[in-house]
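>
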Amino acid sequence: MPRADGIRLSRPEVALGAGIVVALGSDTCPLGEVYRVAQWLASQSAGQCGPCVFGTAALVDDFGRLLNGDPAGWHDAQRHLGLVPGRGACAHPDGSARFLASALEAFGDDVRAHLAGGCGRAVLGVLPVPGGAW
Numbered sequence: 006m007p008r009a010d011g012i013r014l015s016r017p018e019v020a021l022g023a024g025i026v027v028a029l030g031s032d033t034c035p036l037g038e039v040y041r042v043a044q045w046l047a048s049q050s051a052g053q054c055g056p057c058v059f060g061t062a063a064l065v066d067d068f069g070r071l072l073n074g075d076p077a078g079w080h081d082a083q084r085h086l087g088l089v090p091g092r093g094a095c096a097h098p099d100g101s102a103r104f105l106a107s108a109l110e111a112f113g114d115d116v117r118a119h120l121a122g123g124c125g126r127a128v129l130g131v132l133p134v135p136g137g138a139w
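Sequential numbering of the sequence shown, starting at 6, is according to our numbering.
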């Protein structure tokens, strides 16, 4: 989406999604922030289809294990991110999966840090979720 000053906020090959940008800063753990949002997204399932009920819950579990340094969490997240999109009764699991896939790409250095023992930063709750922490 071009702006008046010519800066482009999205790549042509990438869907825009929700169009929300939040600066996290360097004092919070980005993966922990994403994990909080993933928990909230999973809690918002209408419970009508497997990809939403089980797929988003599996992704929350995967990200929790990744956050704790378990390499199997990363591998399982990659597998589940390939299975969830396009299979739900609505777009909720698709959007959740896109958000989480984007986080793995954007925070690759943090993923590696967690797999090597952790990033050493607390989760400050910078990314807002309704109702606070989950």
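Note that beta-carbon positions come from the ideal geometry of N, C-alpha and C, so glycine has one too. All values derive from a computational prediction rather than experimental measurement.
Count the other CB atoms within 10 Å of the CB of residue 76; is the residue buried (16 or more) or exposed (fewer)?
The residue in question, residue 76, is exposed, as its Cβ has fewer than 16 Cβ neighbours within 10 Å.
> Hey, how far is the Cα of residue 113 from the Cα of residue 94?
Roughly 31 Å between the two C-alpha positions.
> Alpha helix (DSSP H) containing residue 131: first to last residue?
Premise fails: residue 131 is in no alpha helix (DSSP H) and is neither H nor E.
> Taking buried to mean at least 16 other C-beta atoms within 10 Å of its own C-beta, is residue 60 buried or exposed?
The residue in question, residue 60, is buried, as its Cβ has 16 or more Cβ neighbours within 10 Å.
> Can you give me the C-alpha to C-alpha distance between residue 122 and residue 72, rounded to a whole angstrom?
Near 9 Å, if we compare the C-alpha coordinates of residue 72 and residue 122.
> Does the Cβ of residue 84 have 16 or more other Cβ atoms within 10 Å, making it buried, or fewer, making it exposed?
Exposed.
> Check for me: the alpha helix (DSSP H) holding residue 92 runs from which residue to which?
Neither: residue 92 is in no alpha helix (DSSP H) and is coded neither H nor E.
> Over what stretch of residues does the alpha helix (DSSP H) that includes residue 112 continue unbroken?
First-last for residue 112: undefined, no H or E at that position.
> Would you decide whether residue 39 is buried or exposed? Buried here means 16 or more other CB atoms lie within 10 Å of its CB.
Buried.
> Kindly indicate the opening and closing residues of the alpha helix (DSSP H) around residue 68.
Its alpha helix (DSSP H) spans residues 61–72.
> For residue 28, does the three-state DSSP call read helix, strand or coil?
Coil.
> Going by alpha carbons, who is nearest to residue 88 out of 118, 62, 74?
Closest option to residue 88, Cα to Cα, is 62.
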